[in-house]
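The next block holds one structure in the form of structure tokens; read it before the comments.
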Amino acid sequence: MSLPRLHPQSIVIYMTKIVAKALVRNSEGLYLVLHRGNTHPRFPGHIDFPGGEVEPEETPEVAVAREIQEETGLLVDPKKLKKLFTKQYQQTTHVLFEAKLTEPDAKVFLSWGHKSYRWITPEELKSLPKFPGSDPYYTDVVNYVAGEN
170 MSLPRLHPQS IVIYMTKIVA KALVRNSEGL YLVLHRGNTH PRFPGHIDFP GGEVEPEETP
230 EVAVAREIQE ETGLLVDPKK LKKLFTKQYQ QTTHVLFEAK LTEPDAKVFL SWGHKSYRWI
290 TPEELKSLPK FPGSDPYYTD VVNYVAGEN
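In terms of the working numbering, the sequence shown is residues 170 to 318.
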């Protein structure tokens, strides 16, 4: 039995992009919030969390650990990340992790894309502003920590 021939016009390839972000918590229980620089290509000047797109050869855990290091200089073990949620959009999957730092005096070294950072309390994290036109991944994190996800 042979399979029917498919015409090139009938073949559709769906590419799914995966974005992995992290709530980075230090040994004092504070969370890292980044502020994008005004020259950042996406959502300049906005509040951000470490993370980014997952490359084809990476798992979300490896990707978010790489992004944390690239954006902040902080090292995290991908095997010790805690997955908090996965959210599916039409062609994008958003995965949020929690990364706990064990080094008490971990130093942050920002990449070119971010102009500043702050360590905030869990209460401050829960009350981060939501504003129109923000990065949807930022909004997902804010909704999650506010218990609205």
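For glycine and all other residues, C-beta sits at the position ideal for the given N, C-alpha and C.
Using only alpha-carbon positions, find the residue among E317, P219, V231, G206 that is nearest to W281.
Among E317, P219, V231, G206, the Cα nearest to that of W281 belongs to G206.
Mind reading off the beta-carbon distance from A191 to V233? Whole number of angstroms is fine, and I expect it under 8 Å.
Confirmed, about 5 Å.
Where the beta strand (DSSP E) containing V314 begins and where it ends
It is not in any beta strand (DSSP E) - V314 instead sits in the alpha helix (DSSP H) that spans 305–314.
Neighbour-count burial assignment, P219, 16 or more Cβ in a 10 Å radius
With 16 or more other CB atoms across the displayed protein chains lying within 10 angstroms of its CB, P219 is buried.
With a 10 Å radius around its C-beta and 16 neighbouring C-beta atoms as the bar for buried, classify D217 as buried or exposed.
Looking at its Cβ environment, which holds 16 or more other Cβ atoms inside 10 Å, D217 is buried.
From P301 to D309, what distance separates their C-alpha atoms?
Spanning the two alpha carbons is a distance of roughly 13 Å.
Below 7 Å CB to CB, which residues in the same chain sit around T290 once its five sequence neighbours on both sides are set aside?
Excluding the 5 residues flanking it on each side, T290 has same chain C-beta neighbours closer than 7 Å at L199, in chain order.
Ignoring anything shorter than 3 residues or poking outside the segment 206–273, list the beta strand (DSSP E) runs there in chain order.
List check, beta strand (DSSP E) in window: 220–222, 251–257, 261–269.
Using a Cβ-Cβ cut-off of 8 Å (strictly less than) and excluding sequence neighbours within five positions of Y286, which residues of its own chain qualify?
Taking Y286 as the centre and dropping the five residues before and after it, the same chain places the C-beta of L201, V202, L203, H204, T241, V277, L279 closer than 8 Å to its C-beta, in chain order.
For K190, name the three-state secondary structure that DSSP assigns.
It is a strand residue.
Considering K140, what are the terminal residues of the beta strand (DSSP E) in which it resides?
Shown here, the chain extends from 170 to 318; a query on residue 140 therefore has no answer.
I237: which of P305, S303, V188, K299 sits nearest, CA to CA?
With distances taken between Cα atoms, I237 lies closest to V188.
From Q259 to V311, what distance separates their C-alpha atoms?
Taking the straight line from one Cα to the other gives about 21 Å.
Rank F212, T228, L294 by C-alpha distance to the C-alpha of H263 and give the top, closest one.
Out of F212, T228, L294, the CA that lies nearest to the CA of H263 is found in T228.
Going straight from the alpha carbon of P140 to that of E222, what length do you get?
Residue 140 lies beyond the stretch modelled for the chain, which goes from 170 to 318, so this question has no answer here.
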